[in-house]
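Written out below as structure tokens is the structure these notes cover.
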Amino acid sequence: MSSDAVKKRKPKVIRNEAGTPETKRGRAEGEQSVEMEERRRQCSVHFITLKKLNRLAHMRLKKGRDQTHEAKQRVDVLHLQLQNLLYEVMHLQKEISKCLEFKSQHEEIELVSEEEFFQEAPAEISRPHVTRDDHHQLTLARLDWELEQRKRLAEQYKMSLARKEKIHKAIEQKREYLSSLQPGLQNIMQASLPVQECLSMPFEQMQKQAEVARHLPPPLYVLLVQAAAYGQACDKTLSASISGDVDEAKALSRPPEDSQDDESDSDAEEEQQNTKRRRASVGVQLDDKRKEMLRRHPLSLCVDLKCKDGSVLHLFFYYLMNLNILTVKTKVSTTTDLSGAVSAGELLNSESLLNCLYASDHGQETPNPTNRYQFDKVGITTFADYVSDLGHPYVWVQKLGGLQFSSDGAQVCVLMGSALSASHMERTMKLLQGRLQARLALHKQFSSLEHSIIPISGECQHLFPAKVVSGLTLVPVEQELGFVQHVLKAGLLRETDLFFMAVVERGTARLLAAVVVNPRYPEVMPLFSLSLHWKGERSGRTEDNLRAMESEVNMFRAELQGPRPGLQLLTNQIQRLCVCLDVYLETESQVCDGSEGPKEFPREKMCLRTARGPSRLKPFKYNHPQGFFSHR
Amino acid sequence: MFISLQLLHMSVFSQSFSPCGRFLAAGNNYGEIAVFSLSAALSPDASQASQKPILNFTAHDGPVFSLLSTDTHLLSAGNGEISAWSWAELIKKVRVSCSVNDNSLIVGGGDNNIHIMDMETGIFKSVLKGHTDYIHCLCFKEREEEILSGGEDGAVRIWDSRTNRPVHCIEVFKYEECARPQFGKWISCLATDSDWMLCGGGPSLSLWHLRSMSPTSVFPLPGCQREAVFYQDLIMSVGEGPHVSHCLHGGTVKAQIPCTPSSLNTLALNLKNTEHRVMTVGGSSHQIDVFTNFSYRAFSLSF
Numbered sequence: 001m002s003s004d005a006v007k008k009r010k011p012k013v014i015r016n017e018a019g020t021p022e023t024k025r026g027r028a029e030g031e032q033s034v035e036m037e038e039r040r041r042q043c044s045v046h047f048i049t050l051k052k053l054n055r056l057a058h059m060r061l062k063k064g065r066d067q068t069h070e071a072k073q074r075v076d077v078l079h080l081q082l083q084n085l086l087y088e089v090m091h092l093q094k095e096i097s098k099c100l101e102f103k104s105q106h107e108e109i110e111l112v113s114e115e116e117f118f119q120e121a122p123a124e125i126s127r128p129h130v131t132r133d134d135h136h137q138l139t140l141a142r143l144d145w146e147l148e149q150r151k152r153l154a155e156q157y158k159m160s161l162a163r164k165e166k167i168h169k170a171i172e173q174k175r176e177y178l179s180s181l182q183p184g185l186q187n188i189m190q191a192s193l194p195v196q197e198c199l200s201m202p203f204e205q206m207q208k209q210a211e212v213a214r215h216l217p218p219p220l221y222v223l224l225v226q227a228a229a230y231g232q233a234c235d236k237t238l239s240a241s242i243s244g245d246v247d248e249a250k251a252l253s254r255p256p257e258d259s260q261d262d263e264s265d266s267d268a269e270e271e272q273q274n275t276k277r278r279r280a281s282v283g284v285q286l287d288d289k290r291k292e293m294l295r296r297h298p299l300s301l302c303v304d305l306k307c308k309d310g311s312v313l314h315l316f317f318y319y320l321m322n323l324n325i326l327t328v329k330t331k332v333s334t335t336t337d338l339s340g341a342v343s344a345g346e347l348l349n350s351e352s353l354l355n356c357l358y359a360s361d362h363g364q365e366t367p368n369p370t371n372r373y374q375f376d377k378v379g380i381t382t383f384a385d386y387v388s389d390l391g392h393p394y395v396w397v398q399k400l401g402g403l404q405f406s407s408d409g410a411q412v413c414v415l416m417g418s419a420l421s422a423s424h425m426e427r428t429m430k431l432l433q434g435r436l437q438a439r440l441a442l443h444k445q446f447s448s449l450e451h452s453i454i455p456i457s458g459e460c461q462h463l464f465p466a467k468v469v470s471g472l473t474l475v476p477v478e479q480e481l482g483f484v485q486h487v488l489k490a491g492l493l494r495e496t497d498l499f500f501m502a503v504v505e506r507g508t509a510r511l512l513a514a515v516v517v518n519p520r521y522p523e524v525m526p527l528f529s530l531s532l533h534w535k536g537e538r539s540g541r542t543e544d545n546l547r548a549m550e551s552e553v554n555m556f557r558a559e560l561q562g563p564r565p566g567l568q569l570l571t572n573q574i575q576r577l578c579v580c581l582d583v584y585l586e587t588e589s590q591v592c593d594g595s596e597g598p599k600e601f602p603r604e605k606m607c608l609r610t611a612r613g614p615s616r617l618k619p620f621k622y623n624h625p626q627g628f629f630s631h632r
Numbered sequence: 001m002f003i004s005l006q007l008l009h010m011s012v013f014s015q016s017f018s019p020c021g022r023f024l025a026a027g028n029n030y031g032e033i034a035v036f037s038l039s040a041a042l043s044p045d046a047s048q049a050s051q052k053p054i055l056n057f058t059a060h061d062g063p064v065f066s067l068l069s070t071d072t073h074l075l076s077a078g079n080g081e082i083s084a085w086s087w088a089e090l091i092k093k094v095r096v097s098c099s100v101n102d103n104s105l106i107v108g109g110g111d112n113n114i115h116i117m118d119m120e121t122g123i124f125k126s127v128l129k130g131h132t133d134y135i136h137c138l139c140f141k142e143r144e145e146e147i148l149s150g151g152e153d154g155a156v157r158i159w160d161s162r163t164n165r166p167v168h169c170i171e172v173f174k175y176e177e178c179a180r181p182q183f184g185k186w187i188s189c190l191a192t193d194s195d196w197m198l199c200g201g202g203p204s205l206s207l208w209h210l211r212s213m214s215p216t217s218v219f220p221l222p223g224c225q226r227e228a229v230f231y232q233d234l235i236m237s238v239g240e241g242p243h244v245s246h247c248l249h250g251g252t253v254k255a256q257i258p259c260t261p262s263s264l265n266t267l268a269l270n271l272k273n274t275e276h277r278v279m280t281v282g283g284s285s286h287q288i289d290v291f292t293n294f295s296y297r298a299f300s301l302s303f
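Just so you know, the protein sequences line up as chains A and B, in that order. Oh and the first sequence: position 501 is 501 in full-length UniProt numbering, straight run, nothing missing. Oh and the second sequence: position 18 is 18 in full-length UniProt numbering, straight run, nothing missing.
Pasting the structure below:
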């Protein structure tokens, strides 16, 4: 601007310069040079003023800049200070919060409550005059008191330890002393054994048994206790004992933590081994699982039942641990040798000896319903396959062991455990003895029947006439017979029944009798089905008289049973059969083809009337002591 | 178990229909009488239970060999005694033995005589003697009021019921066409249809013309017949063998209908009631077969 002003002035100056020279040329060439000098002077003054102004401007600018700079600096310093202070504030705040959060260890110590403290602590520690006001002092005092208490208790602890050591040593000494006595005691016990036997008070045996009995699983224990009690109280012929491996039983009852550690270790080992060798096939693994499921407890119970004639029924009871059922195996030992009866092989077979002790108790399936699910996991379809190995799980065995399963019929049994066992013990033992006696008697009868002798005891002689002509042979039979079909249809045959065939012969006549013996003989009568081969074949189905003979032999239990317990039933039935055949053959009237001639079977039996009723039945009923035959 | 054993060895010996025709009484070898309701058994919604007796009681010690129905009572004969039961009471399932009224009862017994008893007073009116062995069967010819009796001695005797004198005596076994010596000479069944008479047993079942007293046809049935009846123009007979034989008057066997029991003792026709017109047969089984159409067995009642 100043330069513009200067520039403006300049032209003015120039104009002025230009304006004037023309007019005043003449006058003053001298004036002209003075003016020019003036103008030059003015110009240079102006130049200098210009420069000065420029300088001044520059200086003003610089000053302004400096001032700004200074102010800025001041502001920066203040800003920095502010930042510092803020930072410090933050730091302090953090510190404060850290301090506030700080939990001194002393707070973790459980101090006694203040009241207790004031009560218990001695005055120099508690210093109530100070501590009541000052919380910090109070805490300190309490800590002091705590420390003191702990010191005291540590002292006591050391003393108790020392005492314990002493007592321990004393115990050791006494134990050594006792164990030194042990051999001496053993000698005395040994010496007293004969005395015990003499007085028949087997204390030692009973103690040993009790010792082993502690390791029995609960059902076997209940069974042992109940059987021993029953044997002592009611039935001197019963005795119970434990057999098996006691150490294994002890091993089974070891606490589970140890076994878990063992398991994990062994698992690790197993895995290593498995990676080294080929993994066992799935079948083998399944087999192992099955074996594990069907594992028996190492201890088993042996109950012996003696009969009057000296034969003994041995019952071995086992407990299957994972399935929670009891099974039984049997063995019969007799005083006399039992060979010789071919057909009677089945009678004392240990597999079927105890079948159907109670009705429909076959012992082929497990009575515990939860086993079904366990079997599904390891692929066992029928338990019957393992029964011959493991024993029969009869329902009465479970009841004797106090095990009650909900599938046992509709009635809900309130008894459990020992009460259940006790309620069934007497009846079951009686049934067992009865069963053994019946089978032995049958066995004897069979062996004599096979020799064609029908053993009739003295008490039963009155049932039969003096002379019976028909003779008998006995044959075991398994095949299907036509004339037995009606019995099958009536549902009177079961798989557990035993089948025999008796052949009675007289002259040309041959009577075949198929006999079905229920395992619960003699509670259930054996069933006879007849077929006669004499001038043609007739059976109970085609001929009314043979049917009447069947009913005569099958139906009259009260007469044929004989004296209790009714073991003569089968032989009496067979004898009656022979008598009926005699009557039948002798009362058969005319000969078939019309030929007259002497009858093959002369009439020897006395009958009132040979035919009665529309079916013209023969008189099969024997009347004693008159000795004649009549109709029923 | 014992009950199924009993059923296995049961035989039905006699049957009789009630006067109204809706009930059947059957007697068995244990001395029991069972009353079955025919209306229940024949109804469209009959079930297994309706084939069982509505009432079952023990009437005698020995087997019940004969049952007879009068208008109000059921008479049952056992081994030596006759009992009478009121049908009204039986239908109500109560059994009461009481005396009977009206008419006379003809009883043939094991003492070789025929006794005629007045049912109202229970006194025996007269005795017909003549048989030499015990009597198996009796029947009555209403038109001429004659009694026919057949017995173990093989003779069929005809008596006049008014005079109680024997009129005729036919010894069946002496006739060669009928005689079957391998079975014996006893007569076990008699039936009469005014001019005609059926008799059978040991000798073959034969149809006799009574006026000429000669056998007109002999039926070739294999076993011994135990009961025979005339029905319309057929003759139905049962006996040994598990079938009912239908025969024609000419002497041919028209049909043999199979039944459940292996041999049959009794046959009864329910003609009193047209709704329940059935034939029932019983024998060596605990089941009684019922025929609604006489050509085949419909179902069985069971003790």
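Glycine included, C-beta positions come from ideal geometry on N, C-alpha and C.
Over the uninterrupted alpha helix (DSSP H) stretch that includes residue 83 of chain A, give me the two end residues.
Note, residue 83 of chain A: alpha helix (DSSP H), 29 to 101.
Against chain A, does residue 262 of chain B count as a neighbour if the rule is that its beta carbon must be under 9 Å from one of theirs?
With a threshold of 9 Å between beta carbons, residue 262 of chain B makes contact with chain A.
For a test of the three-state rule: what should DSSP assign to residue 376 of chain A, helix, strand or coil?
DSSP, reduced to helix, strand and coil, places residue 376 of chain A within a helical segment of the structure shown.
When you compare the CB of residue 136 of chain B with every CB in chain A, is at least one pair closer than 9 Å?
With 9 Å as the cut-off, residue 136 of chain B counts as an interface residue toward chain A.
May I have the straight-line CA-CA distance separating residue 689 of chain A from residue 116 of chain A, to the nearest angstrom?
Nothing can be reported for residue 689 of chain A, as the shown portion of chain A is limited to 1 through 632.
Verify the CB distance criterion: does residue 618 of chain A have a CB-CB separation below 9 Å to chain B?
Not closer than 9 Å to any Cβ of chain B, the Cβ of residue 618 of chain A fails to qualify, so no.
Which value, in whole angstroms, describes the spacing of the CA atoms of residue 159 of chain B and residue 165 of chain B?
A direct Cα-to-Cα measurement between residue 159 of chain B and residue 165 of chain B gives close to 6 Å.
Pull the bridge partners of residue 239 of chain B from the DSSP assignment, please.
Beta-bridge partners assigned by DSSP to residue 239 of chain B: B:225.
Once the 5 residues before and after residue 146 of chain A are set aside, which same chain residues still bring their CB inside 7 Å of it?
Excluding residues within five positions, the ones whose Cβ falls inside 7 Å are 109 and 111.
Do we get a CB-CB distance below 9 Å when we pair residue 592 of chain A with the residues of chain B?
Unreliable positioning characterises residue 592 of chain A in this predicted model, as indicated by a pLDDT of 46, which lies under 50. The coordinate reading is nonetheless provided below. At a cut-off of 9 Å between beta-carbon atoms, residue 592 of chain A makes contact with chain B.
Anything in chain B within Cβ reach of residue 550 of chain A, meaning under 9 Å, just list it in chain order.
Identification of chain B residues near residue 550 of chain A by a Cβ-Cβ cut-off of 9 Å yields 8 and 9, ordered along the chain.
Tell me which residues of the segment 600 to 615 of chain A have at least one Cβ-Cβ distance to chain B shorter than 9 Å, keeping chain order.
Answer set for the segment 600 to 615 of chain A: 609, 611, 612, 613, 614 and 615.
Quick check on this structure: which residue in A:336, A:214, A:587 and A:613 has the alpha carbon closest to the alpha carbon of residue 602 of chain A?
Here the closest residue by C-alpha is A:587.
Supposed close pair residue 238 of chain B, residue 247 of chain B - CB separation, criterion 8 Å:
Not a contact, Cβ separation roughly 12 Å.
For residue 192 of chain B, which beta-bridge partners are listed by DSSP?
According to DSSP, residue 192 of chain B shares a beta bridge with B:197.
Please determine, among B:135, B:133, B:107 and B:129, the residue with the shortest C-alpha to C-alpha distance to residue 122 of chain B.
When B:135, B:133, B:107 and B:129 are compared, the shortest CA-CA separation from residue 122 of chain B is found for B:107.
Determine the direct distance from the alpha carbon of residue 73 of chain A to that of residue 55 of chain A, and round the result to whole angstroms.
The alpha-carbon atoms of residue 55 of chain A and residue 73 of chain A are separated by roughly 27 Å.
Near residue 384 of chain B, what residues of its chain come up, given a Cβ to Cβ distance below 8 Å and the 5 sequence neighbours on each side ignored?
In the structure as shown, chain B starts at 1 and stops at 303, and residue 384 of chain B therefore has no counterpart that could be examined.
At a CB distance below 7 Å, what residues from the segment 553 to 579 of chain A approach chain B? Give them in sequence order.
Within the segment 553 to 579 of chain A, the residues whose Cβ lies closer than 7 Å to some Cβ of chain B are 554 and 555, listed in chain order.
In the DSSP assignment, find the alpha helix (DSSP H) that holds residue 436 of chain A and state where it starts and stops.
For residue 436 of chain A, the enclosing alpha helix (DSSP H) begins and ends at 418 to 450.
Sequence-distant residues of its chain with Cβ nearer than 7 Å to residue 257 of chain A (five each side left out)
With a pLDDT of only 47 at residue 257 of chain A, under the threshold of 50, the placement of this residue in the model should not be trusted; the figure read from the coordinates follows. The same chain holds no residue with a CB closer than 7 Å to that of residue 257 of chain A once the five nearest residues on each side in sequence are set aside.
Taking residue 492 of chain A as the query, report the chain B residues whose CB atoms sit under 8 Å from its CB, ordered along the chain.
Chain B residues near residue 492 of chain A: 1, 4, 5 and 8.
According to DSSP, is residue 296 of chain B part of a helix, a strand, or is it coil?
Residue 296 of chain B falls in the coil class under three-state DSSP.
Endpoints, the alpha helix (DSSP H) within which residue 167 of chain A is located
Element bounds for residue 167 of chain A: 135 to 199.
Considering just the uninterrupted stretch of the alpha helix (DSSP H) at residue 146 of chain B, what are its terminal residues?
Premise fails: residue 146 of chain B lies in the beta strand (DSSP E), 146 to 151, not in any alpha helix (DSSP H).
Can residue 12 of chain B and residue 286 of chain B be called in contact, C-beta distance under 9 Å?
Yes. Within cutoff.
Which runs of the alpha helix (DSSP H), 4 residues or longer, sit entirely within the segment 27 to 98 of chain B?
Counting only runs of 4 or more, we get 38 to 42 and 87 to 91.
Under 7 Å between beta-carbons, which chain A residues line up against residue 265 of chain B? List them in chain order, please.
Chain A residues near residue 265 of chain B: 614 and 615.
Coarse secondary structure for residue 613 of chain A, derived from DSSP in three states
Assigned with DSSP and collapsed to three states, residue 613 of chain A falls in coil, not helix or strand.
Residue-level contact to chain A via CB, residue 283 of chain B, 9 Å cutoff
Yes - at least one Cβ of chain A is within 9 Å of the one on residue 283 of chain B.
Check for me: the beta strand (DSSP E) holding residue 545 of chain A runs from which residue to which?
Annotation: residue 545 of chain A is outside any beta strand (DSSP E); the continuous alpha helix (DSSP H) that includes it extends over 544 to 555.
What residues in its chain sit with their C-beta under 6 Å from that of residue 208 of chain B, if we drop five residues either side in the sequence?
If we look at residue 208 of chain B and ignore the five residues flanking it on each side, its Cβ neighbours are 197 and 215.
How many Å lie between residue 530 of chain A and residue 523 of chain A at the Cα?
Near 22 Å, if we compare the C-alpha coordinates of residue 523 of chain A and residue 530 of chain A.
Counting only runs that start and end within the segment 215 to 250 of chain A, where is the beta strand (DSSP E) found for 3 or more residues in a row?
As far as the segment 215 to 250 of chain A is concerned, its whole beta strand (DSSP E) runs of at least 3 residues are 238 to 244.
List the residues of chain B that residue 541 of chain A touches, going by C-beta distances under 7 Å, in chain order.
Correct list: 262.
Need the endpoints of the beta strand (DSSP E) that residue 332 of chain A sits in, please.
325 to 333 is the span of the beta strand (DSSP E), which, as asked, contains residue 332 of chain A.
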